[in-house]
Structures are given as structure tokens and as C-alpha cells.
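Structure first, commentary second.
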Ligand code: SF4
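Residue numbers (our numbering): 1315 to 1463.
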């Protein structure tokens, strides 16, 4: 019974998981700000939690440190198909301030997992993150519908 209710609710909602691959937490703070009354993320049927096994959209932050090279792929694999990864901030796109010769970051994140959208900025503003989720979210729902047929 509970599983059936869960299936109905999930049909039209987007579940987002934030994956920090070694950043300064600035981008994570902006993602979490989406939960504040100002942005009220849940009014769009978008829910944030920390379980990749229930995620439709993975928000990747950070510059992919050595420790995160394998972890990123492992977490991406845990998310059920279909799934969409979005790079949030300059770090997962280019390494930003952490990318220097002899540095220990491995950006871009797209070298390790498929990335559907990139949101530049250090950090990007919450409304830019929201717009990106709303841009890729419907595709995630549509793909899920096709997979369930
Ligand atoms: S993009 Fe800027 S704010 Fe975001 S994790 Fe990197 S250094 Fe921090």
C-alpha cells in the first residue's frame, strides 16, 4: 500500500540529490537556500534529499578531488535510470580556483559521468540552479514514464 502511494506521488515529482565532489560548500549553501520560503522549491514538486538511490537529478558541486574520482561514478551508478546530472558552479565545470598545475582536482565532472547541464558561477545564484532543475526535470519525468511502459 505504502509503495503504491509512493509510486503515485513520485510520478510527477522530481527528487534531487546534492553530491559534493570536493568543493568549498558555497554551491551547496546556494542549493540548500532553495528550500527557504523565498524560493520554496517544493512548490514545484521538487524534493531534496541525500539518497542517490531515489534521485532523478544529481546536483554535482565541487572540483572532483582525488577521493571523489571513484566515489562520483559509484554514486552516479547508484541512482536509478533514467537520471540526469547537473554541474553546479565553476568547480565541476572547470575546477575554477582549485585547478592549477600540480593540483589535485580532476574537473570537469563530465570526464567521469554524463552531465546534462552546467550552471556556471562561483557560486551560481539559487534562482539559476532552480531554472536548471526546472529545465531538465520534465525530461527526467518523461524518461521515467517511458521506462515504466
Ligand atoms: S564554484 Fe565557487 S562556491 Fe562553488 S564550490 Fe567551487 S569555489 Fe565554492
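Backbone N, C-alpha and C define an ideal beta-carbon position, used for all residues, glycine too.
This one's a predicted model, so the numbers in the text were calculated from it and none came from an experiment.
Rounded to whole angstroms, what's the CA-CA distance from residue i to residue j? Just pull it up for me.
i, j, result
"residue 1336", "residue 1350", "24 Å"
"residue 1356", "residue 1432", "22 Å"
"residue 1333", "residue 1456", "23 Å"
"residue 1362", "residue 1331", "6 Å"
"residue 1409", "residue 1344", "18 Å"
"residue 1397", "residue 1417", "30 Å"
"residue 1446", "residue 1405", "17 Å"
"residue 1422", "residue 1315", "43 Å"
"residue 1324", "residue 1424", "27 Å"
"residue 1399", "residue 1415", "27 Å"
"residue 1317", "residue 1379", "37 Å"
"residue 1354", "residue 1348", "6 Å"
"residue 1319", "residue 1435", "39 Å"
Using CA atoms only, rank isn't needed, just tell me which of the options is closest to residue i.
i, options, result
"residue 1391", "1326, 1427 and 1362", "1427"
"residue 1451", "1354, 1364 and 1371", "1371"
"residue 1384", "1364, 1366 and 1420", "1420"
"residue 1441", "1352, 1395, 1321 and 1425", "1352"
What does a CB cutoff of less than 7 Å around residue i pick up in its chain, not counting 5 residues either side in sequence?
i, result
"residue 1448", "1358"
"residue 1368", "1329"
"residue 1402", "1341, 1345, 1373, 1374, 1375, 1433, 1438 and 1443"
"residue 1430", "1398, 1399, 1400 and 1450"
Have a look at the DSSP bridge pairing and note the partners of residue i.
i, result
"residue 1361", "1329"
"residue 1431", "1400"
"residue 1374", "1333 and 1401"
"residue 1419", "1379"
Got a sec? Which residues, its chain only, sit under 6 Å from residue i by beta carbon, not counting five neighbours each side?
i, result
"residue 1382", "1335 and 1336"
Every unbroken beta strand (DSSP E) within the region 1318-1350, with a cutoff of 3 residues, ordered by chain | 1328-1334
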